[in-house]
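Colleague: Following this message is one structure expressed as structure tokens.
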Amino acid sequence: IQLDSILAQNITLDAVSDRFGYLVIQDADGRMKPVNTYASELLRKLSKKDHYQNYTADQVFLSMQESPQLWYNVPIIYLKLKKADTIRNLIGIPKGQKYAALIDFLDPNLNYKLGPFLEDAYSAQVPTAIQKEFKAADQRVSLLYNTLEGDALKLFPIPNDNNSKWVSPREYVQSGLVIKDSLYANFIRTGFLAYMATLQNEKVKKNGDYSQSDKLLKAIKTTQLKYGGDAMLTDEKISTEIKYNKYDIFKKLFSWYMYASSLMFILLIVQIIRDKSKILNASVSVFKVLIFLCFGLHSLGLIARWYISGHAPWSDAYESMIYVAWATMAFGVMLGYKSNLTFASTAFVTAMILMIAHWNWMDPSIGNLQPVLNSYWLMIHVAIIVGSYGPFALGMILGLICLLLMILTTANNKQKMLLNVKELTIINEMALTVGLVMLTIGNFLGGMWANESWGRYWGWDPKETWALISIMIYAFVIHMRLVPGLRNRWGFNLASVLAFGSILMTYFGVNFYLAGLHSYAKDDQQISTIYILSTLGLISVLSLFAYFKYRKFYKSY
Numbered sequence: 362i363q364l365d366s367i368l369a370q371n372i373t374l375d376a377v378s379d380r381f382g383y384l385v386i387q388d389a390d391g392r393m394k395p396v397n398t399y400a401s402e403l404l405r406k407l408s409k410k411d412h413y414q415n416y417t418a419d420q421v422f423l424s425m426q427e428s429p430q431l432w433y434n435v436p437i438i439y440l441k442l443k444k445a446d447t448i449r450n451l452i453g454i455p456k457g458q459k460y461a462a463l464i465d466f467l468d469p470n471l472n473y474k475l476g477p478f479l480e481d482a483y484s485a486q487v488p489t490a491i492q493k494e495f496k497a498a499d500q501r502v503s504l505l506y507n508t509l510e511g512d513a514l515k516l517f518p519i520p521n522d523n524n525s526k527w528v529s530p531r532e533y534v535q536s537g538l539v540i541k542d543s544l545y546a547n548f549i550r551t552g553f554l555a556y557m558a559t560l561q562n563e564k565v566k567k568n569g570d571y572s573q574s575d576k577l578l579k580a581i582k583t584t585q586l587k588y589g590g591d592a593m594l595t596d597e598k599i600s601t602e603i604k605y606n607k608y609d610i611f612k613k614l615f616s617w618y619m620y621a622s623s624l625m626f627i628l629l630i631v632q633i634i635r636d637k638s639k640i641l642n643a644s645v646s647v648f649k650v651l652i653f654l655c656f657g658l659h660s661l662g663l664i665a666r667w668y669i670s671g672h673a674p675w676s677d678a679y680e681s682m683i684y685v686a687w688a689t690m691a692f693g694v695m696l697g698y699k700s701n702l703t704f705a706s707t708a709f710v711t712a713m714i715l716m717i718a719h720w721n722w723m724d725p726s727i728g729n730l731q732p733v734l735n736s737y738w739l740m741i742h743v744a745i746i747v748g749s750y751g752p753f754a755l756g757m758i759l760g761l762i763c764l765l766l767m768i769l770t771t772a773n774n775k776q777k778m779l780l781n782v783k784e785l786t787i788i789n790e791m792a793l794t795v796g797l798v799m800l801t802i803g804n805f806l807g808g809m810w811a812n813e814s815w816g817r818y819w820g821w822d823p824k825e826t827w828a829l830i831s832i833m834i835y836a837f838v839i840h841m842r843l844v845p846g847l848r849n850r851w852g853f854n855l856a857s858v859l860a861f862g863s864i865l866m867t868y869f870g871v872n873f874y875l876a877g878l879h880s881y882a883k884d885d886q887q888i889s890t891i892y893i894l895s896t897l898g899l900i901s902v903l904s905l906f907a908y909f910k911y912r913k914f915y916k917s918y
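Whatever position you read off the sequence shown (first residue = 1), add 361 for our numbering.
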């Protein structure tokens with residue numbers, strides 16, 4: 362309670378911290394970004410949340426610069442429940458406590474408690490679960506420590522350095538850099554300290570007059586513009602990035618797509634089972650318009666991210682997921698705009714993809730491109746081959762819906778169900794055909810890029826191999842209709858569901874836990890075999906029930 366009281370007194374006004382959030386800094390990877398972006402990423406990485414108590418990321422970050430010693434004692438470092446119990450025992454906090462303070466990781470002699478365990482954790486070729494937790498905790502501790510020490514505030518460009526490196530006041534003093542402009546050199550040492558002093562002034566806090574601090578903030582920005590050159594962000598780009606952070610449109614779209622598609626789908630099933638009514642038709646039309654609006658916002662969000670980052674928004678794991686979600690919805694609009702079931706189903710699977718994109722193991726931060734990705738081929742090859750996952754995802758969900766409709770078929774509604782199953786199967790085949798063409802073209806274009814980057818067209822890299830496997834699998838699924846024994850709607854729709862597993866392996870398997878030249882997003886995250894087996898079990902049960910109804914009502918058609 363005492364800590365919360367001190368913290369509340371230390372937090373500056375929301376409006377003051379907002380203005381501070383517009384300052385530009387350089388992150389550890391060399392990307393120029395507003396303080397607001399850095400603060401948001403910092404808080405999310407430390408605590409897995411967008412706010413701390415009732416305080417915004419800007420307020421938290423500014424408070425860390427004002428009173429770093431206070432934040433040594435604030436429990437803000439996230440630890441996984443149960444999985445990090447070994448760390449809890451080591452640092453001396455209760456097992457059920459979800460957050461630890463930085464001071465918890467230091468012994469009375471200020472020695473780092475995790476230190477003796479990190480060499481093994483980082484050198485392990487296949488780290489254990491607890492070693493992964495040691496690494497994750499260490500990264501959060503280091504991030505908070507560097508922020509409290511002032512290393513994160515890379516506010517000032519170094520003249521005549523081509524703006525490749527900016528420095529914080531602390532870094533400038535410790536590095537011994539010599540800048541010929543003595544006024545500027547002195548401002549680097551004292552400018553930000555003076556700004557902090559005005560915020561901490563009791564008279565200023567009492568009167569609420571922050572005009573002096575605003576002048577100092579403006580002076581910092583003026584020096585950035587003077588010495589920052591081309592590296593300095595424009596006001597328009599800063600404003601766009603802060604709005605992008607504020608609205609967090611992709612995270613919100615998940616629930617909007619989900620609500621609209623689920624309700625629309627339920628209404629459509631009611632329409633099929635019962636006679637149509639004006640109220641049902643009007644309700645379906647309303648939800649369809651809402652999904653169209655969501656797709657429009659989805660498109661605007663991708664455009665905004667492209668503008669902010671300066672490169673096509675499908676360069677890492679998170680971006681490729683939101684792009685696959687967009688491609689799925691785009692093909693749903695193109696192929697199923699006259700089929701309400703297709704439209705609702707596509708919106709639902711789009712919601713699921715966006716939900717996965719916002720799980721904790723994906724980082725939504727905007728970063729710089731890796732050198733090998735800094736090519737025009739990123740726009741061509743990746744856009745086509747990753748975009749092909751959209752129609753494949755559409756085929757997967759349509760296959761599931763067809764199996765579900767077969768299960769719901771009765772003697773009274775079999776004509777209506779047959780009509781809908783025929784319609785969805787045709788759209789499914791169209792989607793898989795488009796996806797196969799895109800995947801094949803994308804694979805050939807990938808060979809062109811590989812020749813430019815690595816000097817060979819094909820090297821049996823895991824990504825290349827699994828893309829080829831996916832092409833072969835989907836080619837078989839599409840040609841099943843030419844085999845008499847496999848020429849049926851039940852088999853085709855089930856195959857379109859199972860075939861999507863090859864796409865999941867191509868994307869997740871290679872990107873996240875197979876080593877290879879394409880593993881730019883390689884992570885320790887592994888999909889549990891329990892989830893895989895559970896999914897296969899559910900599909901088996903669903904397909905079995907669908908088969909019984911298929912034999913009874915559909916086989917003669």
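Glycine is no exception: its CB is placed at the ideal position from the N, C-alpha and C atoms.
Counting along the chain, where does the beta strand (DSSP E) carrying V385 start and finish?
Modeller: For the purposes of this step, residue 385 is taken as the residue at position 24 of the sequence shown. Where V385 is concerned, the enclosing beta strand (DSSP E) stretches over 385 to 387.
Colleague: Along the chain, where does the alpha helix (DSSP H) containing P429 start, and where does it finish?
Modeller: Start at 1 with the first residue of the sequence shown, and residue 429 comes out as number 68. Start and end: 429 to 432.
Colleague: Just the C-alpha distance for L855 and P823, rounded to the nearest angstrom, thanks.
Modeller: Here the question's residue 855 lines up with position 494 in the sequence shown. Here the question's residue 823 lines up with position 462 in the sequence shown. The straight-line gap from Cα to Cα measures roughly 26 Å.
Colleague: Any idea what DSSP makes of I634, helix, strand or coil?
Modeller: As a working mapping, residue 634 is identified with position 273 in the sequence shown. It is helical.
Colleague: Look at L730 and S676 and say whether their C-beta atoms are less than 8 Å apart.
Modeller: Walking along the sequence shown from the start, residue 730 turns up at place 369. Walking along the sequence shown from the start, residue 676 turns up at place 315. Yes, the Cβ-Cβ distance between L730 and S676 is below 8 Å.
Colleague: So, do the stretch 845 to 861 and the stretch 895 to 909 have three or more beta carbon pairs nearer to each other than 8 Å?
Modeller: yes
Colleague: With respect to the alpha helix (DSSP H) encompassing M393, which residues constitute its N-terminal and C-terminal limits?
Modeller: The residue given as residue 393 occupies position 32 in the sequence shown. Looking at the DSSP string, M393 is not in any alpha helix (DSSP H); the run it does join, the beta strand (DSSP E), is 393 to 395.
Colleague: Helix, strand or coil, according to DSSP, for Y571 in the structure here?
Modeller: Taking the first residue of the sequence shown as 1, we reach residue 571 at position 210. If DSSP states are grouped into helix, strand and coil, Y571 belongs with coil.
Colleague: When you compare the stretch 835 to 846 with the stretch 775 to 786, are there three or more beta-carbon pairs, one atom per stretch, that lie closer than 8 Å?
Modeller: no
Colleague: Assign A513 to one of three DSSP states: helix, strand, or coil.
Modeller: On the sequence shown, position 152 is the one that residue 513 refers to. Coil, per DSSP.
Colleague: In terms of residues, what are the limits of the alpha helix (DSSP H) holding I549?
Modeller: Reading the sequence shown from its first residue, position 188 is the one you call residue 549. Unbroken alpha helix (DSSP H) run through I549: 543 to 561.
Colleague: Please list the terminal residues of the continuous alpha helix (DSSP H) segment that includes M791.
Modeller: Here residue 791 is taken as the residue at index 430 of the sequence shown, counted from 1. Counting along the chain, M791 sits inside the alpha helix (DSSP H) bounded by residues 775 to 815.
Colleague: Along the alpha helix (DSSP H) that carries F757, what are the first and last residues, could you check?
Modeller: Taking the sequence shown and counting its residues from 1, one reaches residue 757 at position 396. Note on identity: in this sequence residue 757 is Met, with Phe being the wrong assignment. 750 to 768 is the extent of the alpha helix (DSSP H) around M757.
Colleague: Return the residue from the list P477, V385, Y556, V743 that minimises the CA-CA distance to S574.
Modeller: Here residue 574 corresponds to residue number 213 of the sequence shown, with the count starting at 1. Closest option to S574, Cα to Cα, is Y556.
Colleague: Check whether the stretch 641 to 648 touches the stretch 618 to 627, counting contact only when three or more Cβ pairs, one atom from each stretch, lie closer than 8 Å.
Modeller: yes
Colleague: Run through DSSP, which three-state label would I891 get?
Modeller: Indexing the sequence shown from 1 puts residue 891 at position 530. Of the three classes helix, strand and coil, the one that applies to I891 here is helix, per DSSP.
Colleague: Please report how far the alpha carbon of Y911 lies from the alpha carbon of I762, in whole angstroms.
Modeller: What you label residue 911 is simply residue 550 of the sequence shown in a count that begins at 1. What you label residue 762 is simply residue 401 of the sequence shown in a count that begins at 1. Using only the alpha carbons, I get a separation of about 14 Å.
Colleague: Under DSSP, the alpha helix (DSSP H) around G662 begins and ends at which residues?
Modeller: Within the sequence shown, residue 662 is the residue found at index 301, counting from 1. Counting along the chain, the unbroken alpha helix (DSSP H) around G662 starts and ends at 639 to 670.
Colleague: Hey, does M866 have any beta-carbon neighbour from chain D nearer than 8 Å?
Modeller: Note that chain D does not occur in the displayed structure, where there is just one protein chain.
Colleague: Check for me: the alpha helix (DSSP H) holding Y915 runs from which residue to which?
Modeller: Here residue 915 corresponds to residue number 554 of the sequence shown, with the count starting at 1. Where Y915 is concerned, there is no enclosing alpha helix (DSSP H), given that its DSSP letter is neither H nor E.
Colleague: Whole angstroms is fine: what's the gap from S831's alpha carbon to V838's?
Modeller: Counting from 1 along the sequence shown, the entry for residue 831 is found at position 470. Counting from 1 along the sequence shown, the entry for residue 838 is found at position 477. Distance between the alpha carbons of S831 and V838: 11 Å.
Colleague: Report all residues from its chain with a CB closer than 7 Å to the CB of I745; omit the five preceding and five following residues, and keep chain order.
Modeller: The sequence position of residue 745 within the sequence shown is 384, counting from 1. Closer than 7 Å at the Cβ level, and outside the excluded window around I745, lie M799, I802, G803, L806.
Colleague: Specify, as a first and last residue, the run of the alpha helix (DSSP H) that F682 falls within.
Modeller: Mapped onto the sequence shown, residue 682 falls at position 321. The identity of residue 682 in the sequence shown is Met, whereas the question assumes Phe. Its alpha helix (DSSP H) spans residues 678 to 697.
Colleague: Which two residues bound the contiguous alpha helix (DSSP H) that contains D379?
Modeller: As a working mapping, residue 379 is identified with position 18 in the sequence shown. Element bounds for D379: 375 to 381.
Colleague: Do you know offhand how far Q887's Cα is from A498's?
Modeller: Within the sequence shown, residue 887 is the residue found at index 526, counting from 1. Within the sequence shown, residue 498 is the residue found at index 137, counting from 1. With a pLDDT of only 47 at Q887, under 50, the local geometry of the prediction cannot be trusted, and no value is derived from it.
Colleague: What is the residue span of the alpha helix (DSSP H) that N606 lies within?
Modeller: Taking the sequence shown and counting its residues from 1, one reaches residue 606 at position 245. Residues 596 to 608.
Colleague: Curious, which full-length alpha helix (DSSP H) runs of at least 4 residues does the stretch 462 to 545 contain?
Modeller: 476 to 484, 490 to 510, 530 to 536
Colleague: Below 7 Å CB to CB, which residues in the same chain sit around L897 once its five sequence neighbours on both sides are set aside?
Modeller: Translated into positions along the sequence shown, residue 897 becomes position 536. Nothing meets the Cβ criterion.
Colleague: How about Y506 and L479: do their beta carbons lie closer than 8 Å?
Modeller: The residue labelled residue 506 in the question sits at position 145 within the sequence shown. The residue labelled residue 479 in the question sits at position 118 within the sequence shown. Taking 8 Å as the cut-off, the beta carbon of Y506 is found no closer than this to the beta carbon of L479.
Colleague: Between Y413, G391, A445, which lies nearest to S401 when the distance is taken from Cα to Cα?
Modeller: Indexing the sequence shown from 1 puts residue 401 at position 40. Minimum Cα distance to S401 is reached at Y413.
Colleague: Between the beta-carbon of T703 and the beta-carbon of T689, is there less than 8 Å?
Modeller: Here the question's residue 703 lines up with position 342 in the sequence shown. Here the question's residue 689 lines up with position 328 in the sequence shown. Taking 8 Å as the Cβ cut-off, T703 and T689 do not qualify as a contacting pair.
Colleague: Check I438 in the structure and name its three-state DSSP category.
Modeller: In the sequence shown, the residue the question calls residue 438 occupies position 77. I438: strand per DSSP, three-state reduction.
Colleague: Compute the distance between the beta-carbons of Y605 and Y545, then report whether it is under 8 Å.
Modeller: By 1-based counting over the sequence shown, the position of residue 605 is 244. By 1-based counting over the sequence shown, the position of residue 545 is 184. Result no, Cβ atoms of Y605 and Y545 do not sit closer than 8 Å.
Colleague: What do you get for N919, buried or exposed, if any count of 16 or more other CB atoms within 10 angstroms of its CB means buried?
Modeller: Residue 919 lies beyond the range of the chain shown here (362 to 918); nothing can be said about it.
Colleague: Measuring CB to CB, does G796 end up less than 8 Å from P752?
Modeller: By 1-based counting over the sequence shown, the position of residue 796 is 435. By 1-based counting over the sequence shown, the position of residue 752 is 391. For G796 and P752, yes; Cβs fall inside 8 Å.
Colleague: Buried or exposed: which applies to R550, given that a residue is buried once 16 or more other Cβ atoms fall within 10 Å of its Cβ?
Modeller: Taking the first residue of the sequence shown as 1, we reach residue 550 at position 189. Label assigned to R550: exposed.
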